[in-house]
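Numbers in my numbering are just positions in the sequence shown, counted from 1, shifted up by 551. Beta carbons are placed, not taken as given, at the ideal position from N, Cα and C, and that holds for glycine. Please read all numbers here as calculations on a predicted model, not as lab measurements.
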Amino acid sequence: DLDATNGHIAFSNVSFAYPDGEEAITNVSFTVSSGEMIGLVGPTGSGKSTLMKLLMRLYDADEGSIRIDRTNIRNISLHSLRGGIGYVGQEPFLFTGTIEENIAYGMAASESEIIDAATRANADEFITDLEDGYETEVGQRGDRLSGGQRQRIAIARAILKDPEIIILDEATSHVDNETEVLIQQSLEELIEDRTTFSIAHRLSTVRNADRIIVLEDGAIVEQGPHHEL
Ligand code: ATP
Ligand code: MG
Numbered sequence: 552d553l554d555a556t557n558g559h560i561a562f563s564n565v566s567f568a569y570p571d572g573e574e575a576i577t578n579v580s581f582t583v584s585s586g587e588m589i590g591l592v593g594p595t596g597s598g599k600s601t602l603m604k605l606l607m608r609l610y611d612a613d614e615g616s617i618r619i620d621r622t623n624i625r626n627i628s629l630h631s632l633r634g635g636i637g638y639v640g641q642e643p644f645l646f647t648g649t650i651e652e653n654i655a656y657g658m659a660a661s662e663s664e665i666i667d668a669a670t671r672a673n674a675d676e677f678i679t680d681l682e683d684g685y686e687t688e689v690g691q692r693g694d695r696l697s698g699g700q701r702q703r704i705a706i707a708r709a710i711l712k713d714p715e716i717i718i719l720d721e722a723t724s725h726v727d728n729e730t731e732v733l734i735q736q737s738l739e740e741l742i743e744d745r746t747t748f749s750i751a752h753r754l755s756t757v758r759n760a761d762r763i764i765v766l767e768d769g770a771i772v773e774q775g776p777h778h779e780l
């Protein structure tokens, strides 16, 4: 069960092609230590998101293995695998309902836990400024909130979930500078002491990563700390 893990990850000779597609991942191997922050960099279409989809088992690799704390992820139930991974993407998934429901996202959480997660995500202030506060209806897919607000709701959700592994897929695009600072702070709060993958197009975006993995055409072409690349 992932609840008992500490977030060590090993990809061994992983290859994958989408059904009816060309090979998207070719013989990828790397290990990640518990608590390490990995920057995953590469041009569009290089396979960054696909690699993370394999980790979450949205698809199964065709060859090779992915292990979390030595257990092949095929032998972990999808429920506990995904329960152990927090994902914050470019277009955060919000559903019709209140802010509170969107942060809790099916988890049994008390009101004070929800407020605490929102506060750590730099979201409590804008939420309490709304007329209905945490009871505010976000609209279809959250369209009554701004992109930066939706992003912080997604981060609050991930903080509340408290997983061992975090995946950030270009989590600060399309926001103004002030919002970017707020989001960046809350992301630091989120990834503290967790194994983290931070996906970016540019090396400079992930210069704080412990290690950077550079992908091209589905294969690793370079890896190391920022100053060595
Ligand atoms: P970006 O920086 O644009 O997000 P990426 O590095 O995340 O790019 P992927 O989305 O992993 O790239 O795509 C890798 C390859 O797999 C690309 O050639 C892409 O066209 C292909 N691909 C991605 N998703 C699918 C899919 N659902 N079905 C078929 N092919 C796909
Ligand atoms: Mg992508």
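- So is Phe646 buried or exposed if we call it buried at 16+ other beta carbons inside 10 Å? Along the sequence shown, read from residue 1 onward, the residue named residue 646 stands at position 95. By the C-beta density criterion, Phe646 is exposed, having fewer than 16 other C-beta atoms within 10 angstroms.
- Query: Identify the residues that DSSP records as bridge partners of Glu614: which are they?
  - Reply: Taking the sequence shown and counting its residues from 1, one reaches residue 614 at position 63. BP columns for Glu614 point to Ser566.
- By Cβ distance, which residues of its chain are closer than 6 Å to Leu591, with the 5 residues on each side in sequence left out? Numbered from its first residue, the sequence shown carries residue 591 at position 40. Within the same chain, Leu591 has close Cβ partners Lys599, Phe748, Ile750, Ile764.
- Between Thr601 and the ligand ATP, is the CB less than 7 Å from at least one heavy atom? Residue numbering aside, residue 601 sits at position 50 when the sequence shown is read from its first letter. Under cutoff, so the answer is yes.
- Item | Contacts around Ile718, its chain only, beta-carbon distance under 6 Å, and the 5 residues preceding and following it disregarded | Reading the sequence shown from its first residue, position 167 is the one you call residue 718. Met603, Tyr638, Phe748.
- Message: Using the Cβ count rule (16 or more neighbours within 10 Å means buried), how would you classify Phe562?
- Response: Along the sequence shown, one-based indexing puts residue 562 at 11. Result: buried.
- Message: Rounded to whole angstroms, what is the Cα-Cα separation between Arg695 and Ala655?
- Response: The residue you call residue 695 lines up with position 144 of the sequence shown. The residue you call residue 655 lines up with position 104 of the sequence shown. Spanning the two alpha carbons is a distance of roughly 18 Å.
- Message: Using C-beta distances below 6 Å, list every residue in its chain close to Arg708, excluding the 5 sequence neighbours before and after it, in chain order.
- Response: As a working note, residue 708 is residue 157 in the sequence shown. Within the same chain, Arg708 has close Cβ partners Ile654, Tyr656.
- Task: State yes or no: is the C-beta of Arg758 within less than 8 Å of the C-beta of Glu587?
- Result: In the sequence shown, the residue the question calls residue 758 occupies position 207. In the sequence shown, the residue the question calls residue 587 occupies position 36. Not in contact: Arg758 and Glu587 (Cβ atoms no closer than 8 Å).
- Would a C-beta distance cut-off of 8 Å place Glu767 and Ser597 closer than the cut-off? Stepping through the sequence shown from its first residue, residue 767 is reached at position 216. Stepping through the sequence shown from its first residue, residue 597 is reached at position 46. Cβ distance < 8 Å, so Glu767 and Ser597 count as in contact.
- Task: Take the Cβ of Asn623 as the centre, count every other Cβ of all protein chains shown within 10 Å, and call the residue buried at 16 or more, exposed below.
- Result: Residue numbering aside, residue 623 sits at position 72 when the sequence shown is read from its first letter. Exposed.
- Query: To the nearest angstrom, how far is it from the Cα of Gln700 to the Cα of Glu651?
  - Reply: By one-based count along the sequence shown, residue 700 stands at place 149. By one-based count along the sequence shown, residue 651 stands at place 100. In this structure, the alpha-carbon of Gln700 lies about 13 Å from that of Glu651.
- Cβ shell of Ile742 (< 7 Å), same chain only, five flanking positions each side left out: Taking the sequence shown and counting its residues from 1, one reaches residue 742 at position 191. Same-chain partners within the cutoff: Met588, Ile717.
- Determine, using beta-carbon pairs with one atom in the stretch 728–738 and one in the stretch 558–577, whether at least three such pairs fall under 8 Å. No, because fewer than three Cβ pairs between the stretch 728–738 and the stretch 558–577 fall closer than 8 Å, the two stretches do not touch.
- Item | Three-state class that DSSP yields for Arg708 in the structure shown | Residue numbering aside, residue 708 sits at position 157 when the sequence shown is read from its first letter. For Arg708, the three-state secondary structure derived from DSSP is helix.
- Message: Is it buried or exposed, Pro570, if we count other Cβ atoms within 10 angstroms and call 16 or more buried?
- Response: The residue labelled residue 570 in the question sits at position 19 within the sequence shown. Exposed is the call here.
- Taking the alpha-carbon positions, what's the Asn557 to Leu629 distance? Locating residue 557 in the sequence shown gives position 6, where the first residue counts as 1. Locating residue 629 in the sequence shown gives position 78, where the first residue counts as 1. Spanning the two alpha carbons is a distance of roughly 17 Å.
- Query: Among residues of its own chain, excluding the 5 on either side of Tyr610, which ones have a beta-carbon nearer than 6 Å to its beta-carbon?
  - Reply: For the purposes of this step, residue 610 is identified with residue 59 of the sequence shown, where counting begins at 1. So the qualifying residues of the chain are Lys604.
- Query: Would you say Ala668 and Ile678 are within 8 Å of each other, going by their C-beta atoms?
  - Reply: Residue mapping note: residue 668 aligns to position 117 of the sequence shown, counting from 1. Residue mapping note: residue 678 aligns to position 127 of the sequence shown, counting from 1. For Ala668 and Ile678, no; Cβs fall outside 8 Å.
- Item | Runs of beta strand (DSSP E) wholly within the stretch 679–745 (minimum 3 residues, chain order) | 716–720
- How about Ala704 and Pro643: do their beta carbons lie closer than 8 Å? Residue mapping note: residue 704 aligns to position 153 of the sequence shown, counting from 1. Residue mapping note: residue 643 aligns to position 92 of the sequence shown, counting from 1. Checking the sequence shown, residue 704 turns out to be Ile, not Ala. It is a contact, given that the beta carbons lie within the stated cut-off.
- To the nearest angstrom, how far is it from the Cα of Pro594 to the Cα of Glu773? As a working note, residue 594 is residue 43 in the sequence shown. As a working note, residue 773 is residue 222 in the sequence shown. Near 13 Å, if we compare the C-alpha coordinates of Glu773 and Pro594.
- Task: List the residues that DSSP assigns as beta-bridge partners of Phe748.
- Result: The sequence position of residue 748 within the sequence shown is 197, counting from 1. In the DSSP output, where bridge partners are listed per residue, Phe748 has Ile589, Ile718.
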